[in-house]
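Please read the structure below before turning to the comments.
Residue numbers (my numbering): 15 to 124.
Given below as structure tokens:
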């Protein structure tokens, strides 16, 4: 749960339970801080890109090829918009430095 909490991926009720536990557990509190920092560093290493038309074509073909799917399903609903994830922190480090930091963190976490 701690990793999901650090990534803000828990439902509100579970997040409250984790926060309650963190108030009394210094070890998990420190681990949560470290996980949040690691997640922030890793988010800095990913460049924002639009998905390619080739990716969309491959996904549509895979859906059409899966059993029980009708070819008209694609025409019934418009495609969902692809939204870029917001950055948690401004990009103040150059990309090579961010990659080096992320690699060091990954090696350190083993």
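Positions of the beta carbon are idealized from the N, C-alpha and C atoms, including for glycine.
Query                                                                                      : Result
Beta-carbon proximity check, residue 56 vs residue 118, cutoff 7 Å                         : no
N-terminal and C-terminal residue of the alpha helix (DSSP H) that residue 38 is part of   : 26-38
Stretch pair the stretch 16-25 + the stretch 44-55: three plus CB contacts closer than 8 Å : yes
Whole-angstrom distance between residue 60 and residue 54, CA atom to CA atom              : 11 Å
Residues near residue 43 in its chain [Cβ-Cβ closer than 7 Å; skip 5 each side]            : 36
Segment limits, alpha helix (DSSP H) that includes residue 74                              : 67-79
For residue 46, three-class secondary structure by DSSP                                    : helix
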